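>
There are 2 protein chains.
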Amino acid sequence: MIRVLLADDQALVRGAMAAMLGLERDIEVVADVGTGEEVLPAARRTRPDVALLDVQMPGTDGLTVAAALRDALPTCRVVMCTTFGRPGYYTRAMAAGAAGFVVKDAPPEHLADAIRRVHSGLRVVDPVLAAQSRTSGPNPLTEREREVLQAASEGATVADIAAALHLSGGTVRNHLSAAISKTNATTRAEAVRIAERNGWL
Amino acid sequence: MIRVLLADDQALVRGAMAAMLGLERDIEVVADVGTGEEVLPAARRTRPDVALLDVQMPGTDGLTVAAALRDALPTCRVVMCTTFGRPGYYTRAMAAGAAGFVVKDAPPEHLADAIRRVHSGLRVVDPVLAAQSRTSGPNPLTEREREVLQAASEGATVADIAAALHLSGGTVRNHLSAAISKTNATTRAEAVRIAERNGWL
DNA sequence: CGGCACCCACGACAGATGTCATGGTTCGCC
DNA sequence: GGCGAACCATGACATCTGTCGTGGGTGCCG
Numbered sequence: 001m002i003r004v005l006l007a008d009d010q011a012l013v014r015g016a017m018a019a020m021l022g023l024e025r026d027i028e029v030v031a032d033v034g035t036g037e038e039v040l041p042a043a044r045r046t047r048p049d050v051a052l053l054d055v056q057m058p059g060t061d062g063l064t065v066a067a068a069l070r071d072a073l074p075t076c077r078v079v080m081c082t083t084f085g086r087p088g089y090y091t092r093a094m095a096a097g098a099a100g101f102v103v104k105d106a107p108p109e110h111l112a113d114a115i116r117r118v119h120s121g122l123r124v125v126d127p128v129l130a131a132q133s134r135t136s137g138p139n140p141l142t143e144r145e146r147e148v149l150q151a152a153s154e155g156a157t158v159a160d161i162a163a164a165l166h167l168s169g170g171t172v173r174n175h176l177s178a179a180i181s182k183t184n185a186t187t188r189a190e191a192v193r194i195a196e197r198n199g200w201l
Numbered sequence: 001m002i003r004v005l006l007a008d009d010q011a012l013v014r015g016a017m018a019a020m021l022g023l024e025r026d027i028e029v030v031a032d033v034g035t036g037e038e039v040l041p042a043a044r045r046t047r048p049d050v051a052l053l054d055v056q057m058p059g060t061d062g063l064t065v066a067a068a069l070r071d072a073l074p075t076c077r078v079v080m081c082t083t084f085g086r087p088g089y090y091t092r093a094m095a096a097g098a099a100g101f102v103v104k105d106a107p108p109e110h111l112a113d114a115i116r117r118v119h120s121g122l123r124v125v126d127p128v129l130a131a132q133s134r135t136s137g138p139n140p141l142t143e144r145e146r147e148v149l150q151a152a153s154e155g156a157t158v159a160d161i162a163a164a165l166h167l168s169g170g171t172v173r174n175h176l177s178a179a180i181s182k183t184n185a186t187t188r189a190e191a192v193r194i195a196e197r198n199g200w201l
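Just so you know, the protein sequences line up as chains A and B, in that order. Each residue of the first sequence is one higher than the one before, starting from 1 at the first, in UniProt numbering. Each residue of the second sequence is one higher than the one before, starting from 1 at the first, in UniProt numbering.
Next up, the structure:
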């Protein structure tokens with residue numbers, strides 16, 4: 001029996017996935033939570049063999065949780081599950097010690113499959129994403145650039161960002177300019193889109 | 001036995017929802033499709049009692065499909081299902097003739113419940129969303145403003161939009177200015193965010 | 001130590017953006 | 001017919017944005 005912990009912020013799909021996995025003879029869902037913060041306590045309590053984590057969650061995101069979980073329960077294998085097949089997510093998930101990566105576009109059978117493989121010590125990779133993550137490369141943005149672009153992505157103006165990060169307006173524009181150039185964009189908005197698509201934010 | 005058609009672009013969650021609904025004694029999933037275009041043919045073939053449609057789908061979106069389905073199979077009731085509880089989606093879904101509206105945050109039991117209620121002739125509404133849709137009101141943007149803002153949301157500059165819509169740059173700026181003012185925003189980017197949140201795009 | 005990368009800042013400039021005033025057209029409605 | 005709403009357009013203006021050059025500070029590595 002493979003003990004599975006489920007983490008996804010959308011209760012409906014979480015319940016649905018639990019139902020689907022429950023149909024499998026060798027899989028047992030022992031816990032399901034809706035936020036990143038709940039994962040660790042639930043995992044300590046239920047000792048799952050595999051944790052299925054959504055990347056996007058309110059509060060602590062799945063990637064951070066994956067790393068923490070790896071430290072707290074080294075025997076528990078992690079499968080990341082996400083709506084968006086962004087190359088950056090993939091690489092970051094692997095860096096955070098995930099053993100598998102499944103996009104929500106994949107055929108349903110893939111999920112139970114991935115859980116079994118990961119449980120038996122194998123790694124489950126999405127070949128398309130793996131290729132993309134090689135071509136798109138690692139995050140080219142420096143920490144400051146990422147921070148500034150992130151703020152801009154939420155609709156903040158230069159003045160807003162400058163105030164929030166205690167910088168001068170000129171410096172903010174410099175960082176934005178660098179980010180725009182590194183993403184091969186021509187506008188701030190475009191840079192945001194590209195960075196988001198690659199999971200660089 | 002309630003015959004249900006499932007439409008959601010993410011195969012994994014579609015399969016999971018099918019599995020969950022399959023556990024219910026009185027519900028039978030007779031078709032499941034991944035795009036808006038496939039809905040009508042599948043519905044004609046399988047004659048479902050209830051269609052569960054995701055709002056966001058590649059190609060034809062769920063709201064359009066709902067209206068078409070209402071014309072083609074008037075006996076088939078429609079439940080809209082979506083990740084984002086945007087007030088505009090709710091009102092548009094109701095206008096398109098949907099009988100129910102479920103957000104993916106809702107507890108899993110709600111889904112089967114909603115299907116049963118809708119099948120028995122009732123309407124299923126999300127009280128929170130209904131309230132929001134009253135306060136946020138109907139789409140204040142004119143068709144042109146919506147069109148221009150939509151283009152801007154995809155990262156296009158004024159010049160790009162002007163070229164795409166065969167307008168002068170000044171006109172585009174005027175429409176954008178009007179949209180910004182109507183959304184109580186101060187920037188184009190902010191206007192986009194607000195409009196998206198309300199489902200006005 | 002001398003590079004090198006990153007961070008911060010200032011100034012200046014072209015171009016884009018948001019606002020406003022003004023004027024034209026069409027269409028539906030009282 | 002008069003009126004208002006939506007559409008398109010122009011020109012002018014203040015402001016914001018993106019770019020570039022320059023300079024100074026830190027820390028790391030060969």
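Where a beta carbon is used, it is the ideal one built from N, C-alpha and C, also for glycine. Remember, predicted model here, so these are calculated numbers, not experimental data.
(1) Note down, in chain order, every chain A residue with its Cβ under 9 Å from the Cβ of E147(B).
(2) In the DSSP output, what is M17(B) paired with across the bridge?
(3) Any beta-carbon of chain B closer than 8 Å to the one on residue 202(A)?
(4) In three-state terms, what does DSSP make of D160(A)?
(5) For the region 13–27 of chain B, which residues have a CB atom closer than 9 Å to at least one CB atom of chain A, in sequence order?
(6) Going along chain A in order, which residues have a C-beta closer than 7 Å to the C-beta of K104(B)?
(7) Given that G155(A) touches chain B, what residues does it touch there, using C-beta distances under 7 Å?
(8) Can you say whether V39(B) is buried or exposed, counting buried as having 16 or more other CB atoms within 10 angstroms of its CB?
(9) Considering Cα atoms alone, identify which of G22(A), A11(A), Q10(A) and L12(A) is closest to residue 209(A).
(10) Using the three-state DSSP reduction, which class does G100(B) fall into: helix, strand or coil?
(11) What residue range does the beta strand (DSSP E) around M80(B) cover?
(12) Near R86(A), which residues of its chain fall below 7 Å by C-beta distance, leaving aside the five closest residues on each side in sequence?
(13) Closer than 9 Å, Cβ to any Cβ of chain A: which residues of the region 100–126 of chain B, in chain order?
(14) Which residues share a DSSP beta bridge with D32(A)?
(15) Between the Cα of H175(A) and the Cα atoms of R146(A), A195(A) and E190(A), which residue gives the shortest distance?
(16) Determine, using beta-carbon pairs with one atom in the region 124–138 of chain A and one in the region 169–188 of chain A, whether at least three such pairs fall under 8 Å.
(17) For the pair the region 52–67 of chain A and the region 7–16 of chain A, tell me if three or more CB-CB distances fall below 8 Å.
(18) Could you work out which residue in T75(A), I194(A), T91(A) and A156(A) is closest to R134(A) when comparing CA atoms only?
(19) If I follow the unbroken beta strand (DSSP E) through V55(A), where does it start and stop?
(20) With DSSP run on the structure shown, which of helix, strand or coil describes residue 244(B)?
(21) Give the straight-line distance between the Cα atoms of A95(B) and A72(A), rounded to the nearest whole angstrom.
A quick look at the data gives this:
(1) Result: empty, since nearest Cβ-Cβ is about 18 Å, beyond 9 Å.
(2) The secondary-structure analysis by DSSP pairs M17(B) with nothing; it has no beta-bridge partner.
(3) This structure does not reach residue 202(A), given that chain A is present from 1 up to 201, and the question cannot be answered.
(4) Residue state, collapsed to three classes: helix.
(5) Correct list: V13, R14, G15, A16, M17, A18, A19, M20, L21, G22 and L23.
(6) In chain order, Q10, L12 and V13 make up the part of chain A whose C-beta sits under 7 Å from the C-beta of K104(B).
(7) Simply T187, A189, E190 and R193.
(8) Around the beta-carbon of V39(B), 16 or more other beta-carbon atoms lie within 10 Å, marking it buried.
(9) Limits of chain A in this structure are 1 at one end and 201 at the other, which puts residue 209(A) out of reach.
(10) If DSSP states are grouped into helix, strand and coil, G100(B) belongs with the strands.
(11) Its beta strand (DSSP E) spans residues R77 to T82.
(12) Within the same chain, R86(A) has close Cβ partners R197, N198 and G199.
(13) Cβ contacts with chain A come from V102, V103, K104, D105, A106, P107, P108, E109, H110 and L111.
(14) Per DSSP, L6(A).
(15) Taking only the C-alpha atoms, the option nearest H175(A) is R146(A).
(16) Taking 8 Å as the limit for Cβ pairs, the verdict is that the region 169–188 of chain A does not touch the region 124–138 of chain A.
(17) Yes, since at least three Cβ pairs between the region 52–67 of chain A and the region 7–16 of chain A fall closer than 8 Å, the two stretches touch.
(18) From the listed residues T75(A), I194(A), T91(A) and A156(A), the smallest Cα separation to R134(A) is found for T91(A).
(19) Note, V55(A): premise wrong, no beta strand (DSSP E); not H, not E.
(20) It is not possible to answer for residue 244(B), since the shown part of chain B is limited to 1 through 201.
(21) So the alpha carbons of these two residues sit roughly 51 Å apart.
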